[in-house]
Structures are given as structure tokens and as C-alpha cells.
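Going from the sequence shown to the numbering used here is simple: count from 1 and add 562.
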Amino acid sequence: MQLTGGQMVCESLIREGVEVIFGIPGGAILPLYQTLPEYPKLRHILTRHEQGASHAADGYARATGRPGVAFATSGPGATNLVTGITTAFMDSVPMVIVTGQVGRSAIGSDAFQETDITGITLPITKHNYLVMTAEEIPAVINEAFHIASTGRPGPVLVDIPKDVFEEMGEFEYPEKMDLPGYKPTVHGHPNQIRKAAKLIEESERPVILAGHGVIISKAYDELMELAEKAQIPVVTTFLGIGSFPDDHFLSVGMPGMHGAAYASLAIDQADLLIALGMRFDDRITGDTSKFAVNSKKIHIDIDPSEIGKNIPVDVPIVGDLKLVLKVLNERVKPTTRVDWVQHVEDLKRDHPLMHERDTDELLPQHIIQQLSELTDGRAIIVTGVGQHQMWAAQHYTFKEQCSLISSGGAGTMGFEVPAAMGAQVGRPDKVVWSIAGDGGFQMTMSELATLAENKIPVKFAIMNNGFLGMVRQWQQIFYEKSYVATGYSRNPDFVKLADAFGIYGARVTEKSQVKSAILKAMEHDGPALIDFVVEQEENVYPMIPSATSVASMIEEPKPEEIRQ
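So this is what it looks like as C-alpha cells:
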């Protein structure tokens, strides 16, 4: 059938099962926007900034497992997406971005709002396209979704000139995918799987290090089977939180720079490390020459470029984690490791995340613990980046699958507001809490208007300490308390701000107010914001200084030593 390029985009998105688009119109993409009313199945959410659109698409993708979609116009509209695209690329999040471009005859002439967005995003997309005829659109959109969501997922950008949206052409949607140069390996090599099973059988002190790949491949049941069958303690990377329930007796939590001391020590003392869908990033390893030197290593990942990149391994296995674990679990023998499991429990007892304090101070850790109890560990938690992010990882008990959404690799401040919005749109059945820092919250707080306008009931817990807290902590520890450009002296009144956006707001300054404030926010049927005015110079512990090892770990001082 004959359609315009804009109609082809919409028709193709519907064929790919798209329901929601986040974006902002502009001149170059306007013909596509003018087509949207013809397609009521496509819900468009008008964000207040293109960065908000890209983060919202990201949050939607992580919460649902389906590619998130965002639209933006040419020039600054497209470049405003870059931070969100980078965030998704670093964390392997499937997204399809459609940008408008100046007309074909104007490309290369420095026309108004012309930017080479395909060139700009080349290093931060899994693939991108510049579409030069309308009839290319169906095949390109089909390929974009396939590439974004298969193998190691990632963002794909499709740039379309304005006159291509207006051009008529014959719409033919591909019936099958044919990409000869793109064939991700999904089945692990049988010999390598046999070697892995043998190492597991021979080991006395194995540890599983579960990463984001468990969540991406939905290998939850397979991970549980391996852990329980072979009685192996499970450590999770930051983005691996939600791959294994925190309340399981084999759960050991998060290791690394700000992970639990007992998790880092378990890895250090293990004789076998089974790395599942993770990339041995520097926040886990620190000094790679001193990381887990006592262990042999199995590494399973769908991306062959990650295996051996940072840490040498004994048994590399390339493949889809769910499929590889199914085969591995058939070969692994039931085992009891009572002494090792008990030893890890002793590490938990001897190296607690937080010492008990007899204090009336309003501490972020206590707020997050209360939030965890009141939601029974079953909310979707979306964070920004910084101290509050680490406290959320440490003190919220994540009981459900895929329940933490946060920027890991890129460490993007401002992620917490729009990503929470996207997660709530994708999972309207869930309670979504955004745990935010006062600094990061202010970077994208304009999206509160989008939340109010669309009645999206995200709940916000702002840990308001008047600082860029993690940077201040580094300045305290490594720069003799030289607090350069990290303190906020004129934060807005967040409660009045919420009121200005038509959102329920409350302020908490005392420990006794925490429970009732959280309950009131959850009882409210729309978006809600709580401004928790917390202790200003509270630090995240433990801490392994950058590029060092577990031997340099700084654990939380005892109560009498704090701030002396």
C-alpha cells in the first residue's frame, strides 16, 4: 500500500509492538508528529527535555524488557538525546531512537538545526542509520528493533530527513530477518560447558558473580537452580541486583568500591569465581592485578569482546546466559558446601554494612531500610547516581526480579526522575519509588510536569543533604575536607516545588516522621515527593579507593569514631 514516510514509521512501530513513545517535536520531525493522530495505538508522552525522553525510554525498556522508543528533532533536539543514549549503551539497554534530519538537499550545507547525529552517536549506539528514501523505512525499523533487542542489547538510532517523512512510497514490511553479518552466538560450546561443570565439581569455595546479563536473558530460574543445586553463594554486581532475591540464604549482596565488605571478601577468598553476564568493570575489580587472585574463573557472556578484556579467565563461554545455564545445570552435580556457606555467613556477621547507632539523626540508611520494610522489598526502585544510589543498593532488600533501575556504567546524574517515569509507564501495576539525590534531582526535575500532566504516580524520596554527596565524601577522605564546588546553599524548597507542579509534597526532618510520610505518599493516588532533610556529612561505607584492592578497604568507623 502507498504511505508517506511518516506513516511508514508509525505502521512499522505498531508491527514491532510499540505502545509508548517519549519525545518532543520540532521542525525536521514535524511531518512524523502530524501523522501520529492517525495511529491511536501509539501513545506519545511529551517530555520537557529530550534528555528526559531518552532516559524515560531507557527506564521503560529496563522495566519491561522491551525496547524503549524516543523521538527528537534535528540539531539540539538530537544532541540532547546523547546522554541518554550513552547511558543505555553502557548498560546494554534496548532502545530505538528516531530523529528528524534536515531535508536531503540541505544535508551538508550547515542548514538551520543540521547536525550529523549519526556521526556523533557512532561510538554510543549499537548501530545507526541515515534513511534516504521512504521505502527503506520498513526494513530499517525492522532491523533496528532486531539489533537493539538481540545479542547484547543496545540503542539503535534511525535518522530520517524531513522530506523523507513526506515522501510517498510502497509499504512492504519484511516477513523475515536477513542480516548475514549479524549472527550473535547463543549456544555455548559443549566442551567449555563440560570444563566449567568439572571446575564447579572440584571447587571447595565457589562464588557466583551475577551481573546484568542474568536480568537481560531472564535467566533467573537457571541462576537459582545452579546456586541451590551446587550450594554456591551468589554475589551480584550493582546492575545484577534483582537477579537473585536478597532474602535468599545464599545471597551475599553487592561487592566492589561501595559494596558489602563480606561480598568483596567472599570473592577474594573463593577458589572459583563463576562470572555470569558481567564485564569485570573497575568498580568491581579495582586493581585488576590483585582481583580474586586465589580463584580460577569461569566467564559466561553473550559478548565475546568482554571475555578476557579486563580479567583473564580459565573457562570462557560465549552464549546466551539462559541457554548456557540450562545445559550447565544438567551437568552440575548436587553438592553440599556447609563449611563454605557458613564461613560466608560468618563474614556477614563480622563485617556488617552498618553499625547500630543510638542516634536521633535522620540517616539515609534508616530511611531506605524503612522504605524496604513498608514496600516489603517489592517496589521498583529507580535511583540517580551518588551516595543515595549506593545506600539504596546496600539497604533496600530487593525480593523481586528486575526491581532496581539505575545508571551503572555511565553514572548519569539526572537519570532518577525521567527513568522512574518510564518505568512506571511500562509497569503501571507496580509501585515505583525514585530514590534521588538533591543534586541529580535538580538536573531533570522539569519532568515533574510530565508526570503531573500524565498522572504517572511515581513516588520520590529525595535524600537532601545540600551536597554533591559522593564528591564531598571523596574530598573529605582524599582532599583534607577541601569542599570545592560541592555544597548547595540555595536549594529550592522541594515541597513548594512539588506544589507548583501540582504534586503532593512533604518534608521530613526527624526520624520519627519517616514511616508516616512514606505511607502517606503511597496512599496518594498520583505522583508524590518527600524531601528528607538528612545528615549532611554522612558517608557511604565500606569504600575501596579507586584502583586499589580489597586489602585497602575502609569499613565504617564505629559510632564513637564517626566525625571525630
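Even glycine gets a Cβ: it sits at the ideal position worked out from N, Cα and C.
In this text the structure is predicted, and so the values were computed from the model without any measurement.
DSSP, reduced to helix, strand and coil, places ILE591 within a helical segment of the structure shown. The beta carbon of ILE864 sits closer than 8 Å to those of GLY713, ARG714, PRO746, THR747, VAL748, GLY775, SER779, GLY839, VAL880, GLY881, ASP882 and LEU883, all from its chain and outside the five residues before and after it, given in chain order.
The alpha-carbon of MET916 is positioned some 16 Å away from that of GLN951. Assignment of GLY804 by DSSP, reduced to helix, strand and coil, places it in the coil class. Taking the Cβ atoms as the reference, VAL979 lies roughly 18 Å from SER965, outside the contact range of under 8 Å. For VAL693 and LEU1010, the gap between their C-alpha atoms comes out near 34 Å.
The beta-bridge partner set that DSSP reports for PRO768 consists of LEU834. The DSSP-derived three-state label of ILE1092 is strand. Considering only PHE1040, GLY984 and ARG1034, the residue with the shortest C-alpha distance to PRO1019 is GLY984. Cβ-Cβ separation between ALA1090 and LYS1021: approximately 5 Å, consistent with a contact (criterion under 8 Å). Taking C-beta atoms as the reference points, MET563 and PHE842 fail to come closer than 7 Å. In terms of Cα proximity to ARG624, the closest of ALA998, GLN963, ASN1053 and MET1105 is GLN963.
In this structure, the straight-line span from the alpha carbon of VAL1033 to that of THR1048 is close to 7 Å. Residue pairing of LEU966 in beta bridges, as defined by DSSP: ILE943.
For GLU732, the pairing in a beta bridge is given by DSSP as GLN564. Contact between ALA650 and GLY585 fails: their C-beta atoms lie close to 15 Å from each other, not under 8 Å. Contact between the stretch 665-677 and the stretch 696-709 is not established, with fewer than three Cβ pairs separated by less than 8 Å.
Assignment of ILE1106 by DSSP, reduced to helix, strand and coil, places it in the coil class. Listed in chain order, the beta strand (DSSP E) runs fully inside the stretch 594-639 are 605-608 and 630-634, counting runs of at least 3 residues. MET1025 sits in a strand when the DSSP states are folded into three classes. Put simply, of ASP849, SER867, PRO878 and GLU868 the residue whose alpha carbon is nearest the alpha carbon of LYS858 is PRO878.
Setting aside the 5 residues that flank it on each side, ASP849 is surrounded in the same chain by ALA1109, THR1110 and SER1111, each with a C-beta closer than 7 Å to its C-beta; the list follows chain order.
Shown here for PHE1063: same chain residues with a beta carbon closer than 6 Å to its own, the five before and five after excluded, namely LEU1010, ALA1011 and ALA1014 in chain order.
Per DSSP, reduced to three states, the secondary structure at ILE682 is helical. In the displayed model, SER996 falls within a strand according to three-state DSSP. DSSP, reduced to helix, strand and coil, places MET657 within a strand of the structure shown. Annotation for ASP721: the continuous beta strand (DSSP E) segment containing it runs 717-723. One thing to note: LEU761 has its Cβ no nearer than 7 Å to the Cβ of ALA789. Exclusion of the five residues before and after VAL886 leaves GLY750, ILE755, ILE862 and ILE879 as the residues of its chain whose Cβ lies within less than 7 Å of its Cβ.
Taking a contact as a CB-CB distance under 8 Å, the pair ILE943 and LYS992 does not count as one, their CB atoms being some 10 Å apart.
Look at the beta carbons and you see the stretch 1081-1100 touching the stretch 922-932: at least three pairs across the two are nearer than 8 Å. Judged by beta-carbon spacing, GLY621 lies within the 7 Å limit of ALA981, meaning their Cβ atoms are closer than that value. Across the structure, ILE836 and MET652 are spaced so that their CA atoms are roughly 22 Å apart.
In the DSSP assignment, PRO926 falls within the unbroken alpha helix (DSSP H) covering 926-936. Under the three-state reduction of DSSP, LYS859 is assigned to strand. The continuous alpha helix (DSSP H) containing GLY775 extends over residues 774-778.
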